[in-house]
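Here the structure is laid out as structure tokens; the discussion comes afterwards.
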Amino acid sequence: MTSSPTKATTKPSEIVFFSGNPTIESIKGVFHLCKDADSRHELWDATIPETRSDLVCVLSIPRWMSPSEFCVWMKKFEGVERMRAIKPANPSFYMAVIKFRSQHHADHFYMSCNSQPFNSVEPERCYAVFVQDVRFIEPQDGALFDPGDLKELPSCPVCLERLDAEESGLITSVCNHEFHSNCLAQCNSESNCPVCRYTLQPSDCQNMCSDCDATDSLWICLLCGNIGCSRYRNEHAELHFQQTGHTYSLEIDTQRVWDYAGDGYVHRLIQNNADGKLVEIPDPNSASMTRCGKGKNPSTVDALVVEYNYLLTSQLESQRLYFEQREAEKEAYIQALEEKIKSVSAIVPSREAEEQMKKEKDKKVAQLNSRLNKMQSECQTLRKENAFLKDINNELERNQDAWKNRVNEIEESTRKQLAQKEQRLDDLEGQVRDLMLHLDSSKVIASEDKAGNLSDGSVVNVNVPNRSNRRRNKRR
């Protein structure tokens, strides 16, 4: 998409911006914005300029839209790599610089949002411009975004995951704390940074006395935070001391602490070892201390100062040694990890070998699956045969019992028949014996009769035991 067929040179427009928590650091720089020289509507033209980049700046984000709400509003756009909230010279709004992954995503965002309202309720509109380059004034070696050549990626303070811009969009707050854009969108901290509680948006609220709404000569209680006016106005700060007994109060304009009990300014506060309460190391030249009889020898105060300075120096030295040791351990750990990565990369096969191994594994898995299916079918067949054989076995067992009963019956009948035949055989043997005896006796009689020996003889009956009875007795 182009603005017009006529070629035009670009003339950058400069915008000064500020960043950082003023109590810690202050960063100042200049944006050089791209715009066409023949554009009639300055930066608010709806057409895309001929010279542009993948870095887009939203110039005026209203104060009612917190950075978390802005992250929610940016969720509908794709290709966001990094974002950073910055402060312009005008404190009534803030700006955001967005770096996209490609020029296509930057053009799509520009055409979708430029001169469009943030929502259907508020009248403020989104004005987007392309950034040609960034120049830092204080410090001169500043960077808009952290370089990607870090040995170890920092962690998101919200989800504790690594801040990888390639996986998810990142946003840097005004106080230079970096988050995942999705994590900051889920925070309910409104305009305060989740890490340092620095107010990301300018505030127009003015301190005033909680009783009379006075806006000057104000004092704030260091124990409960109550704000009251001085004794030269309505004495609400001193009345608060009389009602609550809170001794120390801070003058908002000069940041000096007043002690109502000693009726004088407190130069230094320390913690009492006995009860843990805040007590004063007073100024020996203070008139209030002289009146209260609490003045101390200057040599004692100097000794306390020397002891305090020595204690502070020793503690700082121990902290320095501790953190140097931690840094050395961290470097040694990083070197060990690098050596381990090198050794593992030398052992681990290349991607082609991994693909070949993966193919072989897939082939083996397919073979094993086919074999498993075949064995499952064979197992099913064997189960059917086993059931069939069990049925046959049960039937054979039933037939075996029937045949056993029949054999027993046949044996019993055979035994009876044999007994009958033996009895008949015994009878026949007796008859044969009697017949043989009769025949023998007939022969003897006939021979004797021929000889004449039986002329005066007589017949005597002799009882002979039966052989069958003797056999039976032997069996018994």
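Those letters in the sequence shown? Residues -18 to 457, per my numbering, in order. Think of the CB as a built atom: it goes at the ideal place given N, C-alpha and C, for glycine as much as any other residue.
| Query | Result |
| --- | --- |
| Just confirm the distance between the C-beta atoms of I29 and D114, as a whole number of angstroms; I'd bet it's less than 8 Å. | The pair is not a contact, with the Cβ atoms about 19 Å apart (cut-off 8 Å). |
| Can you confirm whether the stretch 88 to 103 touches the stretch 192 to 207 when touching is taken to mean that 3 or more C-beta pairs between the two stretches lie within less than 8 Å? | no |
| Please confirm whether D35 and K68 have their CB atoms less than 8 Å apart. | no |
| Going along the chain, which residues of its own chain have a beta-carbon closer than 6 Å to the beta-carbon of A109, five neighbours each way excluded? | V37, V39, Y91, C94 and N95 |
| Which of the three DSSP states is assigned to T28 in this structure? | coil |
| Pick out whichever of H217, Y241 and N215 has its Cα sitting closest to the Cα of G226. | Y241 |
| With a 10 Å radius around its C-beta and 16 neighbouring C-beta atoms as the bar for buried, classify V413 as buried or exposed. | exposed |
| Suppose contacts are defined by Cβ-Cβ distances below 8 Å. Is L14 in contact with S41 by that definition? | no |
| Just confirm the distance between the C-beta atoms of C140 and C156, as a whole number of angstroms; I'd bet it's less than 8 Å. | Not really, about 19 Å apart at Cβ, beyond 8 Å. |
| Evaluate F471 with the Cβ neighbour count: other Cβ atoms within 10 Å of its Cβ, from every protein chain shown; 16 or more gives buried, anything less gives exposed. | Any property of residue 471 remains undetermined from this structure, which presents the chain solely from -18 to 457. |
| Suppose the cutoff is 8 Å on Cβ atoms and the five residues either side in sequence are ignored; what does the same chain contact list for D185 look like? | Any reading at D185 is ruled out, since the residue's pLDDT is 49, under 50, leaving its predicted position unreliable. |
| Below 7 Å CB to CB, which residues in the same chain sit around C273 once its five sequence neighbours on both sides are set aside? | In this predicted model, C273 has a pLDDT of only 44, less than 50, meaning its place in the structure is not dependable; the value taken from the coordinates is given anyway. Excluding positions up to five away in sequence, the list reads G243. |
| Less than 8 Å between the C-beta atoms of S149 and H161, yes or no? | yes |
| Pull up the distance between the alpha-carbon of R21 and that of E31, whole angstroms please. | Residue placement at R21 is poorly supported in this model, since its pLDDT is 42, which falls under 50; the coordinates are not used for a value here. |
| Determine the closest residue to E119 out of L409, K9 and L377, with distance taken between C-alpha atoms. | K9 |
| If distances are taken between C-alpha atoms only, which option among E333, E6, R332 and C190 comes closest to L215? | Looking at the sequence shown, residue 215 is not Leu but Asn. Closest option to N215, Cα to Cα, is C190. |
| Leaving out five residues on either side along the sequence, give the residues of the same chain with a beta carbon under 6 Å from the beta carbon of G1. | S7, I8 and N157 |
| From this set, E336, A400, S73 and R65, which residue's C-alpha is nearest I152's C-alpha? | R65 |
| Would you report the Cα separation of L353 and S324, rounded to the nearest angstrom? | 39 Å |
| Quick check on the DSSP output: the beta strand (DSSP E) that includes S(-6) runs from which residue to which? | S(-6) to S0 |
| Suppose the cutoff is 6 Å on Cβ atoms and the five residues either side in sequence are ignored; what does the same chain contact list for I(-4) look like? | F12 |
| Could you tell me if I208 is buried or exposed, where buried requires 16 or more neighbouring beta carbons within 10 angstroms of its beta carbon? | buried |
| Bridge partners for K344 per DSSP, in chain order? | DSSP, once it has assigned bridges, lists no residue as partnering K344. |
| Applying the 10 Å Cβ sphere with the 16-neighbour rule, what's the burial state of F(-2)? | buried |
| Are there 16 or more other CB atoms within 10 angstroms of the CB of M356, so buried, or fewer, so exposed? | exposed |
| Hey, P43 and F74 are a contact pair by Cβ (cut 8 Å); roughly how many whole angstroms apart? | 6 Å |
| According to DSSP, L14 sits in a beta bridge with which residue or residues? | S(-6) and V112 |
| If you draw a straight line from the C-alpha of M55 to the C-alpha of D122, how long is it? | 30 Å |
| Classify L293 as buried or exposed, calling it buried when 16 or more other Cβ atoms lie within 10 Å of its own Cβ. | exposed |
| In the DSSP assignment, find the unbroken alpha helix (DSSP H) run with Y91 in it and report its ends. | Q84 to C94 |
| Inspect the beta-carbon positions of R33 and E62 and report whether they are closer than 8 Å. | no |
| In its own chain, which residues sit with a C-beta less than 6 Å from the C-beta of F58, not counting the 5 before and 5 after it? | F90 |
| Alpha carbon to alpha carbon, how far is D264 from S230? | A caution first: D264 carries a pLDDT of 49, below 50, which makes its placement in the model too unreliable to give a value. |
| Tell me whether G411 sits in a helix, a strand or coil according to DSSP, three-state version. | helix |
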